[in-house]
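Engineer:
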Amino acid sequence: MQDPIPFEIKLEHMTLSGLRWGKEHSTEHQPPVLALHGWLDNSASFCRIAPILADRCGLDIWAIDLVGHGLSSHRPEGSFYHIWDNVIDINLLMAAQGWERVDLLGHSMGAGIATLMAGAMPDKVSRLALLEGIGPIVTEVEATPKQLAQSTSAYQLLPYKKATDYDEFESAVMARCNGFAKISYAAALSLTERGLRQSDTHWNWSADPRLKIPSPVRFTEAQVEAFCEQIQAPTCLLTAEAGFLTDRDNTATRSALVANLSHQVLAGNHHFHLEPDTAAVVAEALITFWQAKGLKCE
């Protein structure tokens, strides 16, 4: 199993970092795969399935640290983190790399970004694989004023909130285990190793604290459905039995609007692609998808 190759790509207004698997598979005929992680995660989110996909299907996988996460740049002072900004970032990255088309592999928030990208720029997305997400979180029209008020209040309070410091690396791993999405020690370790930075006396997260501020504005459900309707790429949606999408009505509604989508429910939690006990099954499901859509996988 191959080790990842770290990369750093300097764009005009930011630097995107990440991990790459399958460099030897790079070809003009097969588009690269951009892997997009979830909220407060980083590119190490794909450390279990990416090497399998690269080896078995000959994929060239670029797992990026989304802006504000991992080792990538933070947005300029005074900025918010709108989910659609990531679509702009991806488009700029593609232009810088000379990529006309890509395959997208997204988890959670990354799946939401991938959905928007595939709907807004269908000519640039060849295949779409979604893990535990289809479209972003929404705010309905009547709740929009409250959403803006909450975001503004949180932004004003941010300077008064002290960042969490850890005296030991192990303490940070345990904190990640018990975060918003509870995960195993092994899964948390992978994310923590990339997402933590060390000073002379302590450890703290490299992610921008502004990521925890609620978005001032979100899409409505009708708007997200409009993106789903515009997706042309063959799409694979994998959800977890103990994940976040199990009881969401809009999962089925959104899925039905995507012209060429297959949906499979697998064992595991929200990070089923990173958990040692379930990652291999997720990888096999993705191999089946890529193979069915034109690739020869071993």
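Counting from 1, one number per residue, gives the positions in the sequence shown under the UniProt record's numbering. Idealized CB from N, CA, C, for every residue including glycine.
Going by the beta-carbon positions, is the gap between N204 and A163 smaller than 8 angstroms?
Structural biologist: The answer is yes: Cβ separation under 8 angstroms.
Engineer: Spatial neighbours of I52 within its chain, please: CB distance less than 6 angstroms, with the 5 preceding and 5 following residues excluded, ordered by chain position.
Structural biologist: Only A283 meet the Cβ criterion.
Engineer: Quick one: is H37 buried, meaning 16 or more other Cβ sit within 10 Å of its Cβ, or exposed?
Structural biologist: Result: buried.
Engineer: Pick out whichever of S184, S151, A120, L93 has its Cα sitting closest to the Cα of E12.
Structural biologist: Cα-wise, what sits closest to E12 is L93.
Engineer: So T246 and T235 are in contact, right, with Cβ under 8 angstroms, and what is the actual spacing, rounded?
Structural biologist: That belief does not hold up - the Cβ atoms of T246 and T235 are roughly 19 angstroms apart, past 8 angstroms.
Engineer: Considering only their Cβ atoms, is the gap separating V87 from E221 smaller than 8 angstroms?
Structural biologist: No, the pair does not count as a contact, with Cβ atoms beyond the cut-off.
Engineer: With DSSP collapsed to three states, give me the class of Y185.
Structural biologist: Residue state, collapsed to three classes: helix.
Engineer: Check whether the Cβ atoms of W21 and A44 lie closer than 8 angstroms to each other.
Structural biologist: No, they are not a contact pair.
Engineer: Can you list, in chain order, the residues of its chain whose CB lies under 6 angstroms from that of C47, leaving out five sequence neighbours each side?
Structural biologist: S190, listed in sequence order.
Engineer: Candidates A129, S26, N91, A187: which alpha carbon is nearest M121's?
Structural biologist: M121 has its Cα closest to that of N91, out of A129, S26, N91, A187.
Engineer: From what residue to what residue does the beta strand (DSSP E) around N86 run?
Structural biologist: Element bounds for N86: not the beta strand (DSSP E) but the alpha helix (DSSP H), 83 to 97.
Engineer: Between the region 271 to 282 and the region 136 to 154, do at least 3 Cβ pairs fall closer than 8 angstroms?
Structural biologist: Counting Cβ pairs under 8 angstroms, fewer than three are found: no touch.
Engineer: Quick one: what's F169 bridged to in DSSP?
Structural biologist: The partner list for F169 (beta bridge, DSSP) is empty, contrary to what the question assumes.
Engineer: If you drop the 5 nearest sequence neighbours on each side, which residues of the same chain put their C-beta closer than 6 angstroms to that of A279?
Structural biologist: The residues are R48, I49, H273.
Engineer: Start and end of the alpha helix (DSSP H) containing F227?
Structural biologist: Residues 221 to 230.
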